[in-house]
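Accompanying notes for the structure given below.
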Amino acid sequence: MRITRSIRLGVGIAALAVVATACGGGEEARNVSSSAENGNLIVGIKFDQPGLGLRNPDGSFSGFDVEVAKYVAGQLGVSEENIEFKESPSAQRETLIQNGEVDYIVATYSITDTRKEKVGFAGPYFVAGQSLLVADGNTDITGPDSLSGGKKLCSVTGSTPAQNIADEYPGVQLQPFDTYSACVEALRNGAVDAVTTDDIILAGYAAQYPGELKVVGEPFTTENYGIGLSKDDTEGRDKINDAIEEMVSTGAWKTAFEETVGPSGYPLPAPPTVDRY
Ligand code: GLU
Numbered sequence: 082m083r084i085t086r087s088i089r090l091g092v093g094i095a096a097l098a099v100v101a102t103a104c105g106g107g108e109e110a111r112n113v114s115s116s117a118e119n120g121n122l123i124v125g126i127k128f129d130q131p132g133l134g135l136r137n138p139d140g141s142f143s144g145f146d147v148e149v150a151k152y153v154a155g156q157l158g159v160s161e162e163n164i165e166f167k168e169s170p171s172a173q174r175e176t177l178i179q180n181g182e183v184d185y186i187v188a189t190y191s192i193t194d195t196r197k198e199k200v201g202f203a204g205p206y207f208v209a210g211q212s213l214l215v216a217d218g219n220t221d222i223t224g225p226d227s228l229s230g231g232k233k234l235c236s237v238t239g240s241t242p243a244q245n246i247a248d249e250y251p252g253v254q255l256q257p258f259d260t261y262s263a264c265v266e267a268l269r270n271g272a273v274d275a276v277t278t279d280d281i282i283l284a285g286y287a288a289q290y291p292g293e294l295k296v297v298g299e300p301f302t303t304e305n306y307g308i309g310l311s312k313d314d315t316e317g318r319d320k321i322n323d324a325i326e327e328m329v330s331t332g333a334w335k336t337a338f339e340e341t342v343g344p345s346g347y348p349l350p351a352p353p354t355v356d357r358y
């Protein structure tokens, strides 16, 4: 009986996997303008980063990246209810764009030359910097140089902070996870000593667990957040750049920041200048 049930379950899961693959993307990158003309956009965000991209228990989405995504959609003529948000973990972002599973991605996504070989970027719309999150009572971790000597550091596969640690601090014991929320759980239960990624992301987790977690040290990289889209979609890139400039000049950028990231205590920075490369 047990065996029969598990076989049936197995077949069911396999069938589901086939359906999921068949539905997932056209395997060809999208064009932002044509999607907008058809009235719908699929936008990649994070689902587990408080203050930036978060799926709430009631199914709604909140955070600065979500507000930027909605503003850009609005400028493209697409209203909020016609946006489908799709979870875009760090390591999957280029593939999601290249396979046409999303129109654009607003997900704490740093503009880098390596990524530009595969995707295009509008922006930057924000500048962050890599930092460290530790337990509130920790006193010996103060910056990346204090991580050698067997300290366990969690970061996310496919992210620039994980790559930076591997390149610049080879002595550090790096534990790669799929998401930052998984890293934060590992930190809370003592499986790792610190989490590294951008300061603005860490500030959101520190605010979620006040008195338990804290951000330490000075930011030690520059992360220019871009809106990722198909590499060849220059028209879409121009339109999204226009939308970012509009969001900044109307004050909507500042309001969005204050309402989403503001409560974490992360100070409002000057908005960056869009780079039309
Ligand atoms: N901004 C960095 C990156 O794009 C870290 C944040 C993230 O993984 O989303 O890799």
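For the sequence shown, my numbering begins at 82 and goes up steadily by one. We put the CB at the ideal spot given by N, CA and C, even for glycine.
For the pair P344 and T331, the Cα-to-Cα distance works out to about 22 Å. Every alpha helix (DSSP H) of 4 residues or more that sits fully in the region 207-285 is shown, in chain order, as 241-249, 261-269. A distance of 7 Å or more separates the beta carbons of V273 and Y185. The continuous alpha helix (DSSP H) containing Y152 extends over residues 145-156. A288 is the residue among K312, G292, L310, A288 whose C-alpha sits nearest the C-alpha of L133. Counted as a single uninterrupted DSSP element, the beta strand (DSSP E) harbouring R136 occupies residues 134-136. Secondary structure at L177: helix, using DSSP grouped into helix, strand and coil. Per DSSP, reduced to three states, the secondary structure at F128 is coil, with no helix or strand assignment. Proximity to N305 across D139, N163, Y190, N180 peaks at Y190, based on C-alpha coordinates.
Each residue's CA atom was taken as its position, placing G155 and V147 some 12 Å apart. Looking from the CA of G317, the closest CA among E109, A247, A117 belongs to A117.
In the same chain as G307, and ignoring 5 residues on each side of it, the C-beta atoms closer than 8 Å to its own belong to Y190, S191, I192, F202, A203, G204, P205, Y206, in chain order. Here K232 really is in contact with Q254; their C-beta atoms are around 7 Å apart, less than 8 Å. Secondary structure at I325: helix, using DSSP grouped into helix, strand and coil. E109 counts as exposed, since fewer than 16 other C-beta atoms from the protein chains shown sit within 10 angstroms of its C-beta.
Here A203 carries a strand assignment [DSSP, helix/strand/coil]. For E304, the shortest separation between its Cβ and any heavy atom of the ligand GLU lies below 6 Å. Taken through DSSP and simplified to helix, strand or coil, N112 comes out as coil. Counting along the chain, no alpha helix (DSSP H) covers K167; the unbroken beta strand (DSSP E) around it starts and ends at 164-168. Look at D259: its beta carbon is at least 6 Å from all of the heavy atoms in the ligand GLU.
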